[in-house]
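Read through the structure below, which is laid out as structure tokens, and then see the notes.
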Amino acid sequence: MSTFTRHMTRLTRLTRRKQSRWKATGWTAGLAATLATSIAGATPAASAEVLPDPRPLGAKVFKGWAFDTCHAPSLATLRAWNSSRYRAVGVYYAGRGRACASQPNLTVSWMRGVKSMKWRVLPIFVGSQSPCVRNTNKKHVPIGSKPFAQGREEGKDAVARAKALSMKKRSALYLDMEAYDLTRTSCAAKTLSFIRGWNREVRSRGFFPGFYSSAESGVRHVEQARRAGVHDLPSVMWFARWKGKPSLYGEPALAKSAWNPHRRIHQYKGNVDVTHGGRKLRIDRNKVDAPVAIIK
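The sequence shown lines up with residues -42 to -1, 1 to 254 when you count with mature numbering (1 follows the signal peptide of the UniProt record, and there is no 0).
The structure is reproduced here in structure tokens:
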């Protein structure tokens, strides 16, 4: 047996062992092969996948300006804000990690009232958070020992709660994963496994799984996974970068061809007090070209 043949035989065995371990934790064989190629000394090519326009797939896309705020504002406040340029609102509708658990305005009648005023809704699910989350207020809801299965379970809950608020299939649901430490590789792998499980479950139930995170944390991590050929990634990317002007397709953490077309939201400024029509809210500002909720 030649030296080259022995080397490739060892590499094949190594790849098979790693594929088995990754499969158990929700990682794909595609990623295993990519990493095995790196071990062999080659440089894997970045994925050039281009997602299709989501509109023919049943999505309702909104292009324009949106804000998100801790508590869903009253219909009277939204009516007053008709004088603003905003026409979409992000609402924290469910999830065990949600800071604003009390949402007295968030009902089926509120959702239908928003629709009648021609506002759009960006539903945000704040579930379990990375074990290496940076925000101390989120450390009480860590992802557990079975991240992929836990992600699927919370994805199931995200869909059930969306349906209870009269959201139909082909709506986008956005998983909020606060910034975490990418240098802690074991923690980062667990976090990505949870994200992928959540995406798979939400997608399998007929909804578009979106993802919100810091551009330099979760968003960069998911983009790295995309380049490595990982599956079960988000359909829509909502990235937070608060410095500079709004730029949907100029984000340095994302390839320009990724999550394009009509699959991006840029949160470009946060925690600002804004008043329209005599109604004051503390908001985050967003530029949107992405799917929203479809309300019955």
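Glycine included, each C-beta is placed from N, C-alpha and C at the ideal position.
Of the choices the options, whose alpha-carbon is the least far from that of residue i?
{"i": "Lys97", "options": "Trp39, Glu136, Trp68, Lys121", "result": "Glu136"}
{"i": "Ala24", "options": "His220, Gly235, Trp77", "result": "Trp77"}
{"i": "Arg240", "options": "Ala17, Asp11, Pro31", "result": "Pro31"}
{"i": "Pro62", "options": "His29, Phe169, Leu80", "result": "His29"}
{"i": "residue 338", "options": "Ser124, Phe197, Asn95, Arg37", "result": "Look at the range of the chain in this structure, -42 to 254, and you will see that residue 338 is not part of it."}
{"i": "Asn229", "options": "Thr94, Asp242, Pro249", "result": "Asp242"}
{"i": "Lys73", "options": "Met125, Lys121, Tyr51", "result": "Met125"}
{"i": "Phe106", "options": "Met195, Arg43, Ala147, Gly55", "result": "Ala147"}
{"i": "residue 274", "options": "Thr143, Ile82, Ser162", "result": "No answer is possible for residue 274: the residues shown for the chain start at -42 and end at 254."}
{"i": "Lys227", "options": "Arg163, Trp200, Tyr138", "result": "Trp200"}
{"i": "Tyr50", "options": "Leu133, Ser151, Lys21, Ile253", "result": "Leu133"}
{"i": "Ser42", "options": "Arg54, Gly22, Val180", "result": "Gly22"}
Would you decide whether residue i is buried or exposed? Buried here means 16 or more other CB atoms lie within 10 Å of its CB.
{"i": "Asp26", "result": "buried"}
{"i": "Val117", "result": "buried"}
{"i": "Asn157", "result": "buried"}
{"i": "Asp231", "result": "exposed"}
{"i": "Met69", "result": "buried"}
{"i": "Asn244", "result": "buried"}
{"i": "Arg(-22)", "result": "Any reading at Arg(-22) must be qualified, since the residue scores a pLDDT of 41, below 50, and its modelled position is unreliable; the value itself is stated next. By the neighbour-count rule (16 or more Cβ atoms within 10 Å), Arg(-22) is not buried but exposed."}
{"i": "Pro12", "result": "buried"}
{"i": "Thr149", "result": "buried"}
{"i": "Val66", "result": "exposed"}
{"i": "Ser86", "result": "buried"}
Just how far apart, CA to CA, sit residue i and residue j?
{"i": "residue 282", "j": "Thr35", "result": "The structure shown does not extend to residue 282, since the chain spans only -42 to 254, so no value can be given for it."}
{"i": "Ala251", "j": "Ser88", "result": "26 Å"}
{"i": "Pro249", "j": "Cys145", "result": "30 Å"}
{"i": "Ala183", "j": "Pro167", "result": "16 Å"}
{"i": "Gly235", "j": "Arg37", "result": "8 Å"}
{"i": "Ser172", "j": "Met75", "result": "31 Å"}
{"i": "Ala120", "j": "Phe169", "result": "16 Å"}
{"i": "residue 309", "j": "Asn40", "result": "Given that the chain is displayed from residue -42 to residue 254, the structure contains no residue 309 and the question cannot be resolved."}
I think residue i touches residue j, with their Cβ atoms under 8 Å apart; what is that distance to the nearest whole Å?
{"i": "Glu174", "j": "Gly113", "result": "With a Cβ gap of about 25 Å, Glu174 and Gly113 do not count as contacting."}
{"i": "Ala57", "j": "Asn95", "result": "7 Å"}
{"i": "Leu191", "j": "Arg154", "result": "7 Å"}
{"i": "Leu80", "j": "Ala46", "result": "6 Å"}
Who are residue i's beta bridge partners in DSSP?
{"i": "Arg237", "result": "His234"}
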